[in-house]
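**Student:** Starting off with a structure, shown below.
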Amino acid sequence: MNLPILLRKEKSSYNTTMRSKPKQSFIINGLAGDKKLEGEVTINGAKNAALPAMAASILFDGPVTLENIPNTDDIETTSNILSSLGAKVERKDHRIVIDPTHISNTNIDNDLAQKMRASVILTGPLLARSEMASFPIPGGCVIGNRPIEQFLNAYQKMGAVVEQPNGVYEIQAPDGGLRGATIFFDLQTVTGTETLMIAAVLASGKTILKNCATEPEITSLAEWFNNCGAKISGIGTSTLTIEGSGGKLLQPVTPYRTIPDRIEAGSYLILGALCAKDIVIKDCEPEHMESIINLLMNSGVQIEVGKNQLRVTNIPSSTNDSFKSFNVRTHEYPGFPTDLQSPLVTFLTQVSGDSIVFESIFEGRFKYTEELIKMGADITAMNPREILIKGPTPLIELPEGEVLNAHDIRAGFAVVLAALVGKGKYTVNQVHLIDRGYEKLEERLTAIGANIMRVVN
Ligand code: EPZ
Numbered sequence: 005m006n007l008p009i010l011l012r013k014e015k016s017s018y019n020t021t022m023r024s025k026p027k028q029s030f031i032i033n034g035l036a037g038d039k040k041l042e043g044e045v046t047i048n049g050a051k052n053a054a055l056p057a058m059a060a061s062i063l064f065d066g067p068v069t070l071e072n073i074p075n076t077d078d079i080e081t082t083s084n085i086l087s088s089l090g091a092k093v094e095r096k097d098h099r100i101v102i103d104p105t106h107i108s109n110t111n112i113d114n115d116l117a118q119k120m121r122a123s124v125i126l127t128g129p130l131l132a133r134s135e136m137a138s139f140p141i142p143g144g145c146v147i148g149n150r151p152i153e154q155f156l157n158a159y160q161k162m163g164a165v166v167e168q169p170n171g172v173y174e175i176q177a178p179d180g181g182l183r184g185a186t187i188f189f190d191l192q193t194v195t196g197t198e199t200l201m202i203a204a205v206l207a208s209g210k211t212i213l214k215n216c217a218t219e220p221e222i223t224s225l226a227e228w229f230n231n232c233g234a235k236i237s238g239i240g241t242s243t244l245t246i247e248g249s250g251g252k253l254l255q256p257v258t259p260y261r262t263i264p265d266r267i268e269a270g271s272y273l274i275l276g277a278l279c280a281k282d283i284v285i286k287d288c289e290p291e292h293m294e295s296i297i298n299l300l301m302n303s304g305v306q307i308e309v310g311k312n313q314l315r316v317t318n319i320p321s322s323t324n325d326s327f328k329s330f331n332v333r334t335h336e337y338p339g340f341p342t343d344l345q346s347p348l349v350t351f352l353t354q355v356s357g358d359s360i361v362f363e364s365i366f367e368g369r370f371k372y373t374e375e376l377i378k379m380g381a382d383i384t385a386m387n388p389r390e391i392l393i394k395g396p397t398p399l400i401e402l403p404e405g406e407v408l409n410a411h412d413i414r415a416g417f418a419v420v421l422a423a424l425v426g427k428g429k430y431t432v433n434q435v436h437l438i439d440r441g442y443e444k445l446e447e448r449l450t451a452i453g454a455n456i457m458r459v460v461n
């Protein structure tokens, strides 16, 4: 099927509820250092596995079932994009059925591609199936520029032509579709690896992807593709070899079961260290979380590691300054994940001693520290990639009318965590950013004893 897939400026038919979502805030009464949260938190499927799996549904010859999908706004956005393409999308609880058979309309709302950088993943399956795709030049976002040259260079290696008329990249696959190629990524890119793996599945001939990212989300996607007829080897390593099908679509033999969200689980683990008497984090995958578990245990946090759960406890009357400070550098998997950098900095403001955090993945992922500094944290920027945190510092009440802001998904969690640790009553704005990656955060925190309420402004 050779459908020209275009991103155009005009409004598309996608449902606009996402855009008109009212401004919402959280009102949080801090625990003032008390560690009294207790109960269970059940971890959802990983947003960063579900998004590429949803995009990859376009490779299939018929309806595809995806299970354990989180109910977060990025999933809603991706569902809307796929529906606007003409795919049939049915969501019920944590399950989605996507039928790409009748993809006809090619208008993807341009704003979405700017708002949700992960929509770039769609260029892979669209090029593979319909031989044409275009993507707006990514706007920078709060954590960095988010360029896509690794994607475009790889497509050109596979025979595609990339042009750049008026603010979009238009990518045209060669006649007969993408051709297998050997591609070396200049840097390890998670969605770059996912997108080119997806594109290579339907290409003609063999593709070898080198210097790939090795995140668990990529492994789970590759294993699913192989169960449905793809021929991918080197799974879990930095070199993936894909024998392309020459345009033959994948068969929806088995549903995709989204792996547990290691970033959500790591976020709650850090929260437990600071605020819990005893919480159990269920349905997680500790094997994907070795870096954060080790860092917290070495700092003195009591963590029991089970097969699919983690339990974090604090002895009564213990305080956070009993934990030791440490230095950390964000790193590609299995190193310390950049998505846990901001929640971990909140933790480091409370432990005893100096900590240095080096953000090696994104060039602008410390903006949220201004919120922590408002609350009394002692954080100094050494350079755009490195901060020094001196702890412990009490997180104080803000002056009347002063609010906290969520700067991105993970920074939003870090600010909520700081408010929970703090002595005062706080308002956290921009919670729609938190809703992109954390399902029903306030309900789940309330269930373990936190005092947090969502208000619509
Ligand atoms: C994925 O983003 C995640 N998103 C991010 O999670 C995560 O922070 C990131 O990987 C790193 O782990 C999804 O999986 C949907 P990259 P991605 O390409 O793939 C640069 C969250 O909060 N780069 O691995 O976009 C890039 O600018 C989000 O859930 C280029 O220079 O990240 C960055 O500095 C935030 N050129 C570095 O590589 C390119 O062509 C790694 O980015 C591509 C990337």
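Numbering-wise (our numbering), the sequence shown opens with residue 5 and increments by one.
Yeah, the Cβ is synthetic: ideal placement off N, Cα and C, and Gly gets one too.
For Lys92, which beta-bridge partners are listed by DSSP?
**Tutor:** Counting from 1 along the sequence shown, the entry for residue 92 is found at position 88. Looking at the DSSP assignment, Lys92 forms a beta bridge with Asp103.
**Student:** Buried or exposed for Gly441, going by 16 or more other Cβ atoms inside 10 Å?
**Tutor:** Working through the sequence shown from its first residue, we reach residue 441 at position 437. Classification for Gly441: buried.
**Student:** Determine the DSSP secondary structure at Ser61, reduced to helix, strand or coil.
**Tutor:** For this step, residue 61 is matched to residue 57 along the sequence shown. Three-state result, Ser61: helix.
**Student:** Entirely within the segment 332–374 and at least 4 residues each: give me those alpha helix (DSSP H) ranges in chain order.
**Tutor:** 345–352
**Student:** Going by CA-CA distance only, name the one from Phe417, Leu244, Ala269, Asn170 that's closest to Ala203.
**Tutor:** The sequence position of residue 203 within the sequence shown is 199, counting from 1. If we check each option's Cα against that of Ala203, Leu244 comes out closest.
**Student:** Pop quiz: Glu71 and Thr262 are said to be a contact at Cβ under 8 Å. What is the actual Cβ separation, rounded to whole angstroms?
**Tutor:** One-based indexing of the sequence shown puts residue 71 at position 67. One-based indexing of the sequence shown puts residue 262 at position 258. Yes, they are in contact, since the Cβ atoms of Glu71 and Thr262 sit about 7 Å apart, within 8 Å.
**Student:** Of the residues Gly270, Pro347, Ser249, Arg333, which one's Cα is nearest the Cα of Arg4?
**Tutor:** Here the chain covers residues 5 to 461 and nothing more, so residue 4 does not appear.
**Student:** So, are the CB atoms of Ala418 and Pro347 less than 7 Å apart?
**Tutor:** Translated into positions along the sequence shown, residue 418 becomes position 414. Translated into positions along the sequence shown, residue 347 becomes position 343. Yes, the pair counts as a contact, with Cβ atoms nearer than the cut-off.
**Student:** Does DSSP put Phe30 in a helix, in a strand, or in coil?
**Tutor:** Counting from one through the sequence shown, the residue named residue 30 turns up at place 26. Three-state DSSP puts Phe30 in a strand.
**Student:** Are the beta-carbon atoms of Ile236 and Ile246 separated by less than 7 Å?
**Tutor:** Here residue 236 is taken as the residue at index 232 of the sequence shown, counted from 1. Here residue 246 is taken as the residue at index 242 of the sequence shown, counted from 1. Yes, the pair counts as a contact, with Cβ atoms nearer than the cut-off.
**Student:** Would His106 be called buried (16 or more neighbouring beta carbons within 10 Å of its own) or exposed?
**Tutor:** As a first step, residue 106 is located in the sequence shown; it is residue number 102 there, counting from the start. Its Cβ having fewer than 16 others within 10 Å, His106 is exposed.
**Student:** Where does Glu247 fall in DSSP's three states?
**Tutor:** Residue 247 sits at position 243 when you count from the first residue of the sequence shown. Correct three-state label for Glu247: strand.
**Student:** Given 6 Å as the limit, tell me if Val194 has its C-beta closer than that to any heavy atom belonging to the ligand EPZ.
**Tutor:** As a working mapping, residue 194 is identified with position 190 in the sequence shown. Yes, Cβ of Val194 sits closer than 6 Å to a heavy atom of the ligand EPZ.
**Student:** Out of curiosity, what's the CA-to-CA distance linking Leu86 and Ser295?
**Tutor:** In the sequence shown, the residue the question calls residue 86 occupies position 82. In the sequence shown, the residue the question calls residue 295 occupies position 291. Here the alpha carbons of Ser295 and Leu86 stand approximately 35 Å from one another.
**Student:** Sort out for me which residues DSSP pairs Ser303 with in a bridge.
**Tutor:** Residue 303 sits at position 299 when you count from the first residue of the sequence shown. Answer is none; Ser303 lacks a bridge partner.
**Student:** Are three or more beta carbon pairs between the segment 249–262 and the segment 284–298 nearer than 8 Å?
**Tutor:** no
**Student:** Give the secondary structure of Tyr18 by DSSP, where H, G and I count as helix, E and B as strand, and everything else as coil.
**Tutor:** Counting from 1 along the sequence shown, the entry for residue 18 is found at position 14. Confidence at Tyr18 is low in this model, with a pLDDT of 41, below 50, so its placement is unreliable and no value can be given for it.
**Student:** Say yes only if the C-beta of Ala122 is nearer than 6 Å to one or more non-hydrogen atoms of the ligand EPZ, and no if none qualify.
**Tutor:** Locating residue 122 in the sequence shown gives position 118, counting from the first residue. Yes, the Cβ of Ala122 comes within 6 Å of a heavy atom of the ligand EPZ.
**Student:** How about Asn215: is its Cβ closer than 6 Å to a heavy atom in the ligand EPZ?
**Tutor:** Start at 1 with the first residue of the sequence shown, and residue 215 comes out as number 211. No, Cβ of Asn215 sits at least 6 Å from all heavy atoms of the ligand EPZ.
**Student:** Could you name the residues of the same chain whose beta carbon sits closer than 7 Å to that of Asn428, not counting the 5 residues immediately before and after it, in chain order?
**Tutor:** Residue mapping note: residue 428 aligns to position 424 of the sequence shown, counting from 1. Per the sequence shown, residue 428 should be read as Gly rather than Asn. Correct list, in chain order: Gly34, Ile400, Glu401, Leu402.
**Student:** Measuring alpha carbon to alpha carbon, tell me which of Leu225, Tyr372, Gly240 ends up nearest Ala234.
**Tutor:** Here residue 234 refers to the residue found at position 230 when the sequence shown is read from its first residue. Comparing alpha carbon positions, the residue from Leu225, Tyr372, Gly240 closest to Ala234 is Leu225.
**Student:** Closer than 7 Å by C-beta to Ala185: which residues in its own chain qualify, once you throw out the five before and the five after it? Chain order, please.
**Tutor:** Counting from one through the sequence shown, the residue named residue 185 turns up at place 181. Result list for Ala185: Lys161, Met162, Thr211, in chain order.
**Student:** In or out: Pro341 buried (at least 16 other Cβ within 10 Å) or exposed?
**Tutor:** Position 337 of the sequence shown holds residue 341. Buried is the call here.
**Student:** Could you give the DSSP three-state label for Ile274: helix, strand or coil?
**Tutor:** Within the sequence shown, residue 274 is the residue found at index 270, counting from 1. DSSP places Ile274 in helix when its eight states are reduced to three.
**Student:** Between Phe155 and Val432, is the Cβ-Cβ spacing less than 7 Å?
**Tutor:** In the sequence shown, counting from the first residue as 1, residue 155 sits at position 151. In the sequence shown, counting from the first residue as 1, residue 432 sits at position 428. In this structure, Val432 does not lie closer than 7 Å to Phe155 by Cβ.
**Student:** Quick one: what does DSSP say Pro256 is sitting in, helix, strand or coil?
**Tutor:** Residue 256 sits at position 252 when you count from the first residue of the sequence shown. The answer is coil: DSSP assigns Pro256 none of H, G, I, E or B.
**Student:** Measure the beta-carbon distance from Glu268 to Ile47 and round it to whole angstroms, keeping in mind my assumption that it falls under 8 Å.
**Tutor:** If you number the sequence shown from 1, residue 268 lands on position 264. If you number the sequence shown from 1, residue 47 lands on position 43. Rounded, the Cβ-Cβ distance is 6 Å, consistent with contact.
**Student:** Asp97 to Thr384, Cα distance in whole Å?
**Tutor:** One-based indexing of the sequence shown puts residue 97 at position 93. One-based indexing of the sequence shown puts residue 384 at position 380. Cα-Cα distance, rounded: 44 Å.
**Student:** With distance defined between alpha-carbon atoms, name the residue in Leu206, Ile73, Asn114 nearest to Arg133.
**Tutor:** Position 129 of the sequence shown holds residue 133. Selected option, being the one with the closest Cα: Leu206.
**Student:** Near Asn318, which residues of its chain fall below 7 Å by C-beta distance, leaving aside the five closest residues on each side in sequence?
**Tutor:** Within the sequence shown, the letter at position 314 stands for residue 318. Closer than 7 Å at the Cβ level, and outside the excluded window around Asn318, lie Lys39, Ala280, Lys281, Gln306.
**Student:** Consider the C-beta atom of Thr76 and the heavy atoms of the ligand EPZ; say whether any pair is separated by less than 6 Å.
**Tutor:** Reading the sequence shown from its first residue, position 72 is the one you call residue 76. Because no heavy atom of the ligand EPZ lies under 6 Å away, the Cβ of Thr76 does not count as near it: no.
**Student:** Measure from the alpha carbon of Gln434 to the alpha carbon of each residue in Glu44, Gly426, Ser83, Val420, then state which is nearest.
**Tutor:** Taking the sequence shown and counting its residues from 1, one reaches residue 434 at position 430. When each option's Cα is compared against that of Gln434, the closest is Val420.
**Student:** Could you give the C-beta distance for Asn75 and Glu443, rounded to a whole number, given that I count them as a contact under 8 Å?
**Tutor:** Here the question's residue 75 lines up with position 71 in the sequence shown. Here the question's residue 443 lines up with position 439 in the sequence shown. Rounded, the Cβ-Cβ distance is 5 Å, consistent with contact.
**Student:** From the DSSP output, in three-state form, read off Lys51 for me.
**Tutor:** By one-based count along the sequence shown, residue 51 stands at place 47. Here Lys51 sits in helix by DSSP.
**Student:** Return the CA-CA distance between Glu447 and Ile456, expressed in angstroms with no decimal places.
**Tutor:** Counting from one through the sequence shown, the residue named residue 447 turns up at place 443. Counting from one through the sequence shown, the residue named residue 456 turns up at place 452. Each residue's Cα considered, the two are about 8 Å apart.
**Student:** My guess is that Pro56 and Glu198 are in contact by the Cβ rule of under 8 Å, so how many angstroms apart are they, rounded?
**Tutor:** The sequence position of residue 56 within the sequence shown is 52, counting from 1. The sequence position of residue 198 within the sequence shown is 194, counting from 1. So it is a contact: roughly 4 Å between Cβ atoms.
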